Amino acid sequence: MDGSNGGGFASWLSILFWVFFLVSVVAPMLQQRMLIFERLKLMQLIERKRRTRVITLIHRQETMSILGFPIVRFINIEDSEAILQAIRLTPPDVPIDLILHTPGGLVLAAEQIACAIQKRPGRVTVMVPHYAMSGGTLVALAADEIRMDANAVLGPVDPQVGEYPAASILAAAEQENPNRDDRTLILADVSRKAIRQVHQTVKCLLREKMPEEKAEAIAEVLSSGTWTHDYPIQVEEAHALGLPVSEGLPTEVYELMRLYPQPAQRRPSVEYVPVPYHPQPAPGAGGERRTVPGPPRKR
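Position in the sequence shown (first residue = 1) + 19 = the working numbering.
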């Protein structure tokens, strides 16, 4: 074999490798930039239609790194810092729409956001397309109005101490046990304080919107461990509790949520024909009506 031809082949392989590497690195970055641009464009559309300032707090498991590892996100201090900055940049007379999609997170961060919303003179509407659990619910309680999808849920705000619910730690500490160690007693003391603090926060957020007795009752239900921490509070139950909840969201909010995709999998766990369905006469059905797909939507 000619040595020069072998060297040329090796050079081409090297070039192909580096091209593949650069494409693998740059393509996800460009894709993410385009996704961010589409999100901002849709947020501006909502702002023009509703004459509001749109802020999103959306936590999904996203593949953000070069190696493609999924990152699970929760409410943290960086989130509260960013939202507080957005609120400061919004004129007091401009309403704010805060779109929430979160499993919860750090109590301190959620309380900071909630307190900033409560202190704001302008109207704040929280929109929940799917769920706003735990700290997300705490943030929602500070809003003037909570708008939810018909199937969206809120959740209890009872604090967690380490990996255990504070209410469950207290229940365990109350059981007769002569061999109980000091760590359990310390956790029980911390749990008691945590529940009292969250209870007081919820009461402070609600008492400007309703009588103090009612705010006290809601705070007790949400913070004392009445349910498990992942209990879904649906629209009807939120109404029954006395929360300022209304049903229905702008279509653009759902479109915006589609721009926060979950990381790609080899096989999707949910599949369906992505077109609207409505009753139409089926060909050759002799007048019998059945449900068939309508025409695909143009984008």
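A virtual CB, placed ideally from N, CA and C, is assigned to each residue, including glycine.
Here the structure is a predicted model, which means the values were calculated and not measured.
Opposing strand residues paired with residue i [DSSP bridges]
i: D116; result: V73 and T144
i: E164; result: T144
i: Y150; result: V172
i: Y183; result: V180
i: G124; result: I94
i: I252; result: L173
Short CB-CB distance (under 7 Å) between residue i and chain C
i: A257; result: You won't find chain C in this structure, because it holds only one protein chain.
Residue interval of the alpha helix (DSSP H) (run including residue i)
i: R215; result: D201 to L225
i: T270; result: T270 to M276
i: K233; result: E231 to S242
Unbroken beta strand (DSSP E) run spanning residue i, endpoints
i: G265; result: Per the sequence presented here, residue 265 reads as Ser, with Gly not at that position. It spans V264 to E266 - the beta strand (DSSP E) in which S265 sits, taken as one unbroken run.
For residue j and residue i, the rounded distance between their alpha carbons
i: M53; j: M276; result: 15 Å
i: S242; j: A213; result: 9 Å
i: L108; j: Q137; result: 16 Å
i: I96; j: G124; result: 10 Å
i: S30; j: F39; result: 14 Å
i: A159; j: E193; result: 33 Å
i: Y250; j: L35; result: 53 Å
i: L32; j: S99; result: 49 Å
i: Y273; j: V73; result: 14 Å
i: T82; j: N198; result: Confidence in T82 is poor, its pLDDT being 48 and thus under 50, which makes the residue's placement too unreliable to answer from.
i: I115; j: K228; result: 18 Å
i: E195; j: S210; result: 18 Å
i: G87; j: I55; result: Residue placement at G87 is poorly supported in this model, since its pLDDT is 48, which falls under 50; the coordinates still yield a value, given next. If I take the Cα positions, the gap works out to 18 Å.
i: W246; j: A105; result: 34 Å
i: A169; j: A101; result: 29 Å
i: L61; j: E271; result: 7 Å
i: E219; j: V292; result: In the sequence as displayed, the identity of residue 219 is Gln instead of Glu. Rounded to whole angstroms, Q219 to V292 spans 48 Å at the Cα level.
i: G267; j: R202; result: 47 Å
i: Y150; j: L204; result: 34 Å
i: P269; j: A185; result: 37 Å
i: R70; j: E232; result: 35 Å
i: E130; j: I94; result: 11 Å
i: T75; j: L59; result: 10 Å
i: I132; j: P295; result: 38 Å
i: V113; j: G155; result: 23 Å
i: W37; j: E164; result: 54 Å
i: Q216; j: P280; result: 36 Å
i: V289; j: D208; result: 45 Å
i: R139; j: A171; result: 26 Å
i: A190; j: G244; result: 10 Å
i: S187; j: R92; result: 25 Å
i: R309; j: P230; result: Note on R309: pLDDT 48, under 50, position unreliable in the model; no value is reported.
i: K68; j: I252; result: 30 Å
Distance between beta carbons of residue j and residue i, contact taken as under 8 Å
i: V176; j: L206; result: That pair is no contact at about 19 Å.
i: A238; j: V221; result: 4 Å
i: L127; j: V145; result: With 8 Å as the limit, L127 and V145 do not qualify as a contact, their Cβ atoms being about 19 Å apart.
i: L119; j: V147; result: 5 Å
i: L64; j: A161; result: At roughly 26 Å, the Cβ-Cβ gap does not stay under 8 Å, so L64 and A161 are not in contact.
i: P111; j: G141; result: 5 Å
i: H78; j: S153; result: Wrong, their Cβ atoms sit about 11 Å apart, outside the cutoff.
i: A135; j: L173; result: Between L173 and A135 the Cβ distance is about 20 Å, and since that is not below 8 Å, they are no contact.
i: M167; j: V240; result: Wrong, their Cβ atoms sit about 18 Å apart, outside the cutoff.
i: A236; j: R226; result: 11 Å between Cβ atoms; not a contact.
i: L278; j: E57; result: 5 Å
Q. Counting Cβ pairs, one atom from each stretch, are 3 or more of them under 8 Å apart for the region 180-196 and the region 258-278?
A. Contact between the region 180-196 and the region 258-278 is absent, because fewer than three Cβ pairs lie under 8 Å.
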